[in-house]
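Novice: From first to last, the protein sequence lines are chains A and B.
Quick note on my numbering: the first sequence kicks off at 1 and runs consecutively.
Quick note on my numbering: the second sequence kicks off at 140 and runs consecutively.
From the three backbone atoms N, C-alpha and C, an ideal C-beta is built for every residue, glycine too.
Submitted below is the structure of interest, expressed as structure tokens.
2 protein chains.
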Amino acid sequence: MKNTQVINFHIKGDERGSLVAIEQLKDIPFEIKRVYYIWGTEKEFLRGKHAHTELEQILICVSGSCKIRLDNGKEKQIVELKDKNQGLFIGQMIWREMFDFSDNCVLVVLASEYYDEKEYIRDYNEFLETIRTGINDSI
Amino acid sequence: MKNTQVINFHIKGDERGSLVAIEQLKDIPFEIKRVYYIWGTEKEFLRGKHAHTELEQILICVSGSCKIRLDNGKEKQIVELKDKNQGLFIGQMIWREMFDFSDNCVLVVLASEYYDEKEYIRDYNEFLETIRTGINDSI
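Shown next as structure tokens:
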């Protein structure tokens, strides 16, 4: 789906274990201003349910697994994150829902901006309307 | 120990689970240029064994636990990372060794610089000598 991408980061593995390194503007297309991580989410709980007008993110399941439903207003797609070296890039104006969290799931997110509630779209109809009216501008 | 600090990040917890957010230059004292993470390290293996002349880092065990031996050339200290919201800041010229990794340990590191082998000190005697001779400059 346009404006989303699964990135398989290189694993440096040796007798010391495995390591993935992600450098801003090299391995991912933005500067990392914020890092957050989520754990202890019930399997049946649905997180996310919003889109961003500005923020770009990389989602990585560094422990366990979860699924991400991506929705650009026209098509939907589900991505399962279960490999530690797999990052999911989500760009602007993508509605996302995270679900099916495993017990040990730790989801790490690298974000291109500081937290700013103003650039969240939390109403699905507003999201669809923004897509419809802004399609020649920001998408 | 000077130039090291344990930071207890705020946990935003609700029915959706737990979340820790870390913003550069706000929750930590540097810009995040690189993020790396380590897993699958044998319990008895010793990682690290170096110091940095430039790099500053925050270490977080987002799964499992491990221990970090910190050494400024004069004193040593062991920090156990086992709480997901606990970050260990390690500044410049601190020799560090990571050990006692739990099976499920995932250690996430936020780093202030791109990878640059030139600013690593990998020889312990050289580290001590740099501390001794440079103590009025960079330390």
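Buried or exposed: which applies to Y37/A, given that a residue is buried once 16 or more other Cβ atoms fall within 10 Å of its Cβ?
Specialist: Classification of Y37/A: buried, given that the 10 Å Cβ count is 16 or more.
Novice: For I171/B, which residues in chain A fall below 9 Å Cβ to Cβ?
Specialist: Within 9 Å Cβ-Cβ: Q24, E31, I32, K33, R34, V35, L110.
Novice: On the criterion of 16 or more Cβ atoms from any shown chain inside 10 Å, does G87/A qualify as buried, or is it exposed?
Specialist: G87/A should be labelled buried.
Novice: Grab me the residues of S157/B's own chain with a C-beta within less than 6 Å of its C-beta, minus the 5 sequence neighbours each way, in chain order.
Specialist: Closer than 6 Å at the Cβ level, and outside the excluded window around S157/B, lie I150.
Novice: So I94/A packs on N72/A, CB below 8 Å; how close in whole Å?
Specialist: Contact flag correct, Cβ pair sits at about 6 Å.
Novice: Tell me whether E268/B is buried or exposed, calling it buried when 16 or more other Cβ atoms sit within 10 Å of its Cβ.
Specialist: It counts as exposed.
Novice: Is there at least one Cβ from chain B nearer than 9 Å to I94/A's Cβ?
Specialist: For I94/A, the answer is no, since every Cβ of chain B falls outside 9 Å of its Cβ.
Novice: Using a 10 Å radius around the Cβ and a threshold of 16 neighbouring Cβ atoms, would you call I32/A buried or exposed?
Specialist: Buried is the call here.
Novice: Under 9 Å, do G187/B and D242/B count as touching if we go by C-beta distance?
Specialist: No, Cβ-Cβ distance for G187/B and D242/B is not below 9 Å.
Novice: Nearest by alpha-carbon distance to K223/B: which of V79/A, K82/A, K76/A, L107/A is it?
Specialist: The shortest Cα separation from K223/B among V79/A, K82/A, K76/A, L107/A belongs to L107/A.
Novice: Return the chain-ordered list of same chain residues with a C-beta closer than 6 Å to the C-beta of E80/A, the five sequence neighbours on each side being excluded.
Specialist: Answer for E80/A: K67, listed in chain order.
Novice: With 9 Å as the threshold, decide whether the Cβ of K223/B is near any Cβ in chain A.
Specialist: Yes, because at least one Cβ of chain A sits closer than 9 Å to the Cβ of K223/B.
Novice: Given a threshold of 16 other Cβ atoms within 10 Å of its Cβ, counted over all protein chains shown, does Q57/A qualify as buried or as exposed?
Specialist: Q57/A should be labelled buried.
Novice: When we look at the beta-carbon of Q24/A and count the other beta-carbons within 10 Å, is it buried (16 or more) or exposed?
Specialist: Buried: at least 16 other Cβ atoms inside 10 Å.
Novice: Is the beta carbon of R69/A less than 9 Å from the beta carbon of I60/A?
Specialist: No, the Cβ-Cβ distance between R69/A and I60/A is not below 9 Å.
Novice: Chain A partners of S202/B, CB-CB under 9 Å?
Specialist: Correct list: W39, V62, S63, G64, N104, V106.
Novice: Counting only beta-carbon separations shorter than 9 Å, does Y114/A have a partner in chain B?
Specialist: True, the Cβ-Cβ gap to chain B drops below 9 Å.
Novice: Sort out for me which residues DSSP pairs K213/B with in a bridge.
Specialist: DSSP lists no partner for K213/B.
Novice: Can you name the start and end residues of the alpha helix (DSSP H) that L128/A belongs to?
Specialist: Here the alpha helix (DSSP H) through L128/A covers 124–133.
Novice: Going by other Cβ atoms of all chains shown within 10 Å of its Cβ, with 16 needed for buried, is G230/B buried or exposed?
Specialist: Buried.
Novice: Going straight from the alpha carbon of I131/A to that of E54/A, what length do you get?
Specialist: About 14 Å.
Novice: Can you pull the chain A neighbours of R155/B, defined as C-beta to C-beta under 7 Å?
Specialist: Under the 7 Å cutoff, chain A gives T41, F45, R47.
Novice: Would you say the beta carbon of T143/B comes nearer than 8 Å to a heavy atom of the ligand MG?
Specialist: As far as ligands go, the structure on display features none, and thus does not contain the ligand MG.
Novice: What did DSSP end up calling E80/A once you bin it into helix, strand or coil?
Specialist: Reduced to three states, the DSSP call for E80/A is strand.
Novice: Name the one or two DSSP bridge partners that Q196/B has.
Specialist: Per DSSP, I229/B, A250/B.
Novice: For N8/A, which residues does DSSP report across the bridge?
Specialist: Answer is Q86/A, bridged to N8/A.
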